[in-house]
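Engineer: Residue numbers (the numbering used here): 451 to 737.
Ideal Cβ positions, reconstructed from N, Cα and C, are used throughout, including at glycine.
These numbers were taken from a predicted model, which means no experiment stands behind them.
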Amino acid sequence: MKLKKTLALLSALTMMCGFAACSDDKADESSTTTTTTTTTTTTASTTAATTTTTEPVKLEVDANAITFDTASLYTGHCMAEADFTNDESNCKLTIEEIDGDAKLRVQVLDKKDDGTYKIPKIVFNIAELIGAENTGEIGQISIDFTCKAEGPWINDDGTEAMVVGNFLGAIAGNIAAEKGVDAEGITTQNTWATHYEFALQDWENDQQTFRVDAKVPQLLAVNGYADNFAEATLVIMRWGQANQVDFYIDNITIYDKDGKSMPIIYDAEANLAGEDAPEETDAPAAE
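#1: Reducing DSSP to helix, strand and coil, say where E578 ends up.
#2: In whole angstroms, what is the alpha-carbon distance linking T517 and Q651?
#3: Quick check on G565: buried or exposed, where buried means 16 or more other Cβ atoms within 10 Å of its Cβ?
#4: Which of the three DSSP states is assigned to N701 in this structure?
#5: Quick check on this structure: which residue in A627, L618, N655, E634 has the alpha carbon closest to the alpha carbon of Y646?
#6: For T544 versus A718, is the C-beta spacing smaller than 7 Å?
#7: May I ask you to list the residues that DSSP assigns as paired with F648?
#8: With DSSP as the reference, please indicate the residues paired to M687 in a beta bridge.
#9: Grouping DSSP H, G and I as helix and E and B as strand, with all else coil, what is G586?
#10: Along the chain, where does the beta strand (DSSP E) containing V558 start, and where does it finish?
#11: With three or more beta-carbon pairs closer than 8 Å as the criterion, would you say the segment 590-598 touches the segment 653-664?
#12: What three-state label does DSSP hand V666 in the structure shown?
#13: How long is the line joining the alpha carbons of M612 and D537, rounded to whole angstroms?
#14: Rounded to the nearest angstrom, what separates T637 and R688 at their Cα positions?
#15: Would you say F697 and F595 are within 7 Å of each other, going by their C-beta atoms?
#16: Spell out the partners DSSP gives T637 in its beta bridges.
#17: So V511 and N701 are supposed to be a Cβ contact under 8 Å. How far apart are they, rounded?
#18: Could you tell me the boundaries of the beta strand (DSSP E) in which K561 lies?
#19: Please report the distance separating the alpha-carbon of M529 from that of G635.
#20: Could you check what DSSP says for A626 in three-state terms: helix, strand or coil?
#21: What is the DSSP secondary structure of V672, reduced to helix, strand or coil?
#22: Straight-line CA distance for P713 to V685?
#23: Whose C-beta lies closer than 8 Å to the C-beta of A627 among residues of the same chain, with five residues either side of it excluded?
#24: So what does DSSP say about K508, is it helix, strand or coil?
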């Protein structure tokens, strides 16, 4: 199993490096991840996994966090740049509870020819969430993820393990309508940036929660959100996964450059889950 884990991780990391090479931003040590105590433990067998339930640890939640308790998707939808004919996966978004806590569940629907799941890209319109007049003030984004195995990891010897396995991906977004260049041809503003790439894993449990904190911008000021950008987005991507693992999004918190959480102005009550998804493709803007 160790060899297969290593190969899977190396393959996913290669994908991450390839994506980063095309991006305008690189993650640094200022962005962090936190892993909570797991809610379940599992033992692998050749048939089914044995599960032992334990008490989950509650992460501190900011008063301005998007908690999905109102059953709204908060503009969340699946990116479809090429009608899911490329590496992007169609996905099903629903509001569901885990341990009594409402979260945005992401079910990945499409696989590649080799049987691995394609890449879901979940898009949120940040301008609608905090107001377009505030986009230039964004300094950090925090997101909680709960990963839950719905299908077994198949080991080299044919045995199965109900584990999360790898959870690899990125937090990114459309940050400006146009690329800015000064008189000397130096870029002053990019249109798309990867805020943070995460590489997480759990090979013992079938459910795990992680908190990811991404500084905005990372290394370069040109990768910050532009002022008054009405089409500003937050894009959450998970790289290809070998086993069926649903992930749940919760407690999205947007902070300003002073570290204060920004109020959410979006009318969640008027936009409940089940509404038609936006028609825009939300593809990264051309440089």
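Structural biologist: Result, derived from the coordinates:
#1: Taking the first residue of the sequence shown as position 1, residue 578 is located at position 128. Three-state DSSP puts E578 in a helix.
#2: Start at 1 with the first residue of the sequence shown, and residue 517 comes out as number 67. Start at 1 with the first residue of the sequence shown, and residue 651 comes out as number 201. C-alpha of T517 to C-alpha of Q651: approximately 24 Å in a straight line.
#3: For the purposes of this step, residue 565 is taken as the residue at position 115 of the sequence shown. Burial call: exposed.
#4: Here residue 701 is taken as the residue at index 251 of the sequence shown, counted from 1. Residue state, collapsed to three classes: strand.
#5: In the sequence shown, residue 646 corresponds to position 196, counting from 1. That would be L618, whose Cα lies nearest to the Cα of Y646.
#6: Reading the sequence shown from its first residue, position 94 is the one you call residue 544. Reading the sequence shown from its first residue, position 268 is the one you call residue 718. A718 sits away from T544, with the two beta carbons spaced by 7 Å or more.
#7: The sequence position of residue 648 within the sequence shown is 198, counting from 1. Paired residue(s): G619.
#8: Here the question's residue 687 lines up with position 237 in the sequence shown. Bridge partners of M687: K571, A620.
#9: As a working note, residue 586 is residue 136 in the sequence shown. Helix, per DSSP.
#10: One-based indexing of the sequence shown puts residue 558 at position 108. Residues 551-558.
#11: Yes, the segment 590-598 touches the segment 653-664.
#12: Here residue 666 corresponds to residue number 216 of the sequence shown, with the count starting at 1. Coil at V666, not helix or strand.
#13: The residue you call residue 612 lines up with position 162 of the sequence shown. The residue you call residue 537 lines up with position 87 of the sequence shown. Near 26 Å, if we compare the C-alpha coordinates of D537 and M612.
#14: The count along the sequence shown starts at 1 and reaches residue 637 at position 187. The count along the sequence shown starts at 1 and reaches residue 688 at position 238. Distance between the alpha carbons of T637 and R688 is about 29 Å.
#15: Within the sequence shown, the letter at position 247 stands for residue 697. Within the sequence shown, the letter at position 145 stands for residue 595. Yes, the pair counts as a contact, with Cβ atoms nearer than the cut-off.
#16: Walking along the sequence shown from the start, residue 637 turns up at place 187. Its beta-bridge partners are V631.
#17: Stepping through the sequence shown from its first residue, residue 511 is reached at position 61. Stepping through the sequence shown from its first residue, residue 701 is reached at position 251. Cβ atoms of V511 and N701 come within 8 Å of each other, at about 5 Å.
#18: As a first step, residue 561 must be located in the sequence shown, where it is residue number 111. Taken as a continuous stretch (DSSP letters only), K561 belongs to no beta strand (DSSP E), as it is neither H nor E.
#19: In the sequence shown, residue 529 corresponds to position 79, counting from 1. In the sequence shown, residue 635 corresponds to position 185, counting from 1. Their backbone Cα atoms lie some 32 Å apart in a straight line.
#20: What you label residue 626 is simply residue 176 of the sequence shown in a count that begins at 1. In this structure, A626 counts as coil in the three-state DSSP scheme.
#21: Taking the sequence shown and counting its residues from 1, the one referred to as residue 672 is at position 222. Helix at V672.
#22: Your numbering for residue 713 matches position 263 in the sequence shown. Your numbering for residue 685 matches position 235 in the sequence shown. Rounded to whole angstroms, P713 to V685 spans 19 Å at the Cα level.
#23: Looking up residue 627 in the sequence shown gives position 177. Contacts found: T641, A676, F679, E681, A735.
#24: Numbered from its first residue, the sequence shown carries residue 508 at position 58. Under the three-state reduction of DSSP, K508 is assigned to coil, being neither helix nor strand.
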